């Protein structure tokens, strides 16, 4: 399942850490045969294996054998590895478990003081010199005059319009499934309360202003409290995407969501309260949206500035009070 999830992204290089862990020999061979087919499709696979059988080990093309401490004991084609290690010791020839042979040879040499420094032997070998010569070629570890430099026409793969479109769709879906952002029922209740108020008496006008004030404060408070956990939960993904320069910082703007939410709130209150006039509606919509936007920005500030969500919520309760 984990390998399948990794392959969904169509990676050019696949890193696998002991994919046969906890499996018997039969299932380990089936897994490695599947990985071999993936490698045959043109992908590079870097895989660690713990004590495999020779059938599993023979699936690989190359071997990098490291000694404790990170020193390289061997790094070459698997066929050369077999020829080298099986001719190194008689003790190695008498054992059927291939990787166990190598481990046994290294451990016995270290414990018995055999005097064979495999790291030094590899460093002095012709094979190591050939590998170093390959790395020293032009275009591998140093620039080549025959290979043009890789130049990108722009900083990011997708243009700004595509970035904003993708993030807008993504966050609209996330906000839609977030219960704290769906607080329009309170506007309906306040609108129904104010629908029967008189617009010609002082008491009716005063009550209407009070309802509008409560609506502003309630929407701002709910948006403020909803912004803290939402921003905190998405903070890790935001840092990863910004570090990888996947999206520009401008593409993360919250204005579309806030103004869409403000449009719904303003429309409900405007209709239920009996207000009229397009210019007044636009002004009222802008006032509601800007009020909510300030509270959302404050919640985001606390979520990104403080180390954990508990401190952000406690600080937010003090600020909102």
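In my numbering, the protein residues as written are 29 to 349.
Ideal Cβ placement from N, Cα and C applies to all residues, glycine included.
Just so it is clear, the structure is predicted and the values come from calculations on it, not from any experiment.
- Under the criterion of beta carbons closer than 8 Å, residue 218 and residue 311 do not qualify as touching, at roughly 19 Å.
- Secondary structure of residue 223 (DSSP, three-state): coil.
- Residue 52 carries a coil assignment under DSSP once its states are collapsed to helix, strand and coil.
- Residue 223 sits exposed, since fewer than 16 C-beta atoms from the chains shown fall within 10 Å of its C-beta.
- The DSSP assignment places complete alpha helix (DSSP H) segments of no fewer than 4 residues inside the region 296-334 at 306-333, in order along the chain.
- In the DSSP assignment, residue 41 falls within the unbroken beta strand (DSSP E) covering 41-45.
- Beyond the five residues adjoining it in sequence on each side, residue 249 comes within less than 8 Å, by CB distance, of 323, 348 in the same chain, given in chain order.
- Residue pairing by DSSP places residue 170 opposite 166 in a beta bridge.
- Residue 92 is bridged by DSSP to 103.
- One alpha carbon belongs to residue 315, the other to residue 33, and they sit about 46 Å apart.
- Here residue 228 carries a coil assignment [DSSP, helix/strand/coil].
- Residue 77 sits in coil when the DSSP states are folded into three classes, being neither helix nor strand.
- With fewer than 16 other Cβ atoms from the protein chains shown falling within 10 Å of its own Cβ, residue 299 counts as exposed.
- According to DSSP, residue pairing for residue 72 in a beta bridge involves 41.
- The alpha carbon of residue 189 has as its nearest neighbour, out of 281, 88, 288, 51, the alpha carbon of 281.
- Counting the other Cβ atoms within 10 Å of the Cβ of residue 97 gives fewer than 16, which makes it exposed.
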